[in-house]
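Below is one structure, written out as structure tokens; comments come after it.
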Amino acid sequence: MKLVNYRLRNESVAQLGVCTEKGIVPLQSLLSDSGVHVPEDMISLIECFGLLKPLLSEALALKKGDPLPLETVKLESPIPYPRRNVFCLGKNYMDHVNEIKNLPTGDALPKAPIYFTKVAYPTIGDGDPIENHKELTDGIDYEVELAIIIGKK
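Quick note: to get the numbering used here, add 355 to the position in the sequence shown (first position is 1).
Shown next, in the form of structure tokens:
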């Protein structure tokens with residue numbers, strides 16, 4: 356089941372939904388007859404997903420809710436305001452090694468990964484502008500990152 360945070364292209368308020376082959380089905384429409392509280396954000400949805408998953412699966416099987424075509428929505432960051440820093444590790448990029456002045460390995464790539472954290476507050480969705488705080492930095496940089504969320508299951 357693919358959970359998404361989205362907004363209609365002509366609206367500013369994000370909503371939760373389930374992405375299906377036919378489009379995005381709003382969570383509100385899937386759970387409207389269930390009598391359960393509909394979570395307002397992805398973290399709340401994840402916390403009660405054990406309870407909601409069977410209800411969502413049943414609603415999807417019964418084709419409750421009209422799917423919104425993907426071209427009518429904008430996918431947002433799944434979790435715009437994470438509760439904690441993102442834990443990172445680096446090992447293979449020499450420019451990063453050179454950025455860390457106190458590294459005991461000198462100019463060589465480290466033998467073991469380097470662990471560090473980064474604040475990701477807020478995270479942004481695909482195509483969203485990156486704010487450049489000109490009073491704090493001369494420019495912005497980019498690189499490809501992979502985030503993995505590790506859970507109990």
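Positions of the beta carbon are idealized from the N, C-alpha and C atoms, including for glycine.
Rounded to whole angstroms, what is the Cα-Cα separation between residue i and residue j?
{"i": "Ser384", "j": "Val428", "result": "16 Å"}
{"i": "His488", "j": "Leu363", "result": "28 Å"}
{"i": "Met356", "j": "Arg438", "result": "23 Å"}
{"i": "Glu431", "j": "Gly482", "result": "9 Å"}
{"i": "Leu386", "j": "Leu411", "result": "7 Å"}
{"i": "Val391", "j": "Val380", "result": "17 Å"}
{"i": "Leu417", "j": "Tyr470", "result": "46 Å"}
{"i": "Lys466", "j": "Pro477", "result": "33 Å"}
By alpha-carbon positions, which one of the options ends up nearest to residue i?
{"i": "Met397", "options": "Lys377, Phe442 and Val359", "result": "Val359"}
{"i": "Leu423", "options": "Gly445, Ile401, Leu371 and Ser412", "result": "Leu371"}
{"i": "Ile434", "options": "Glu366, Glu402, His392 and Ala467", "result": "Glu402"}
{"i": "Tyr497", "options": "Ile485, Cys374 and Leu491", "result": "Ile485"}
{"i": "Gly480", "options": "Val380, Phe404, Tyr436 and Glu413", "result": "Tyr436"}
Drop a sphere of 10 angstroms on the beta-carbon of residue i, count the other beta-carbons inside from all chains shown, and report buried for 16 or more, exposed for fewer.
{"i": "Val368", "result": "exposed"}
{"i": "Ala414", "result": "buried"}
{"i": "Val373", "result": "buried"}
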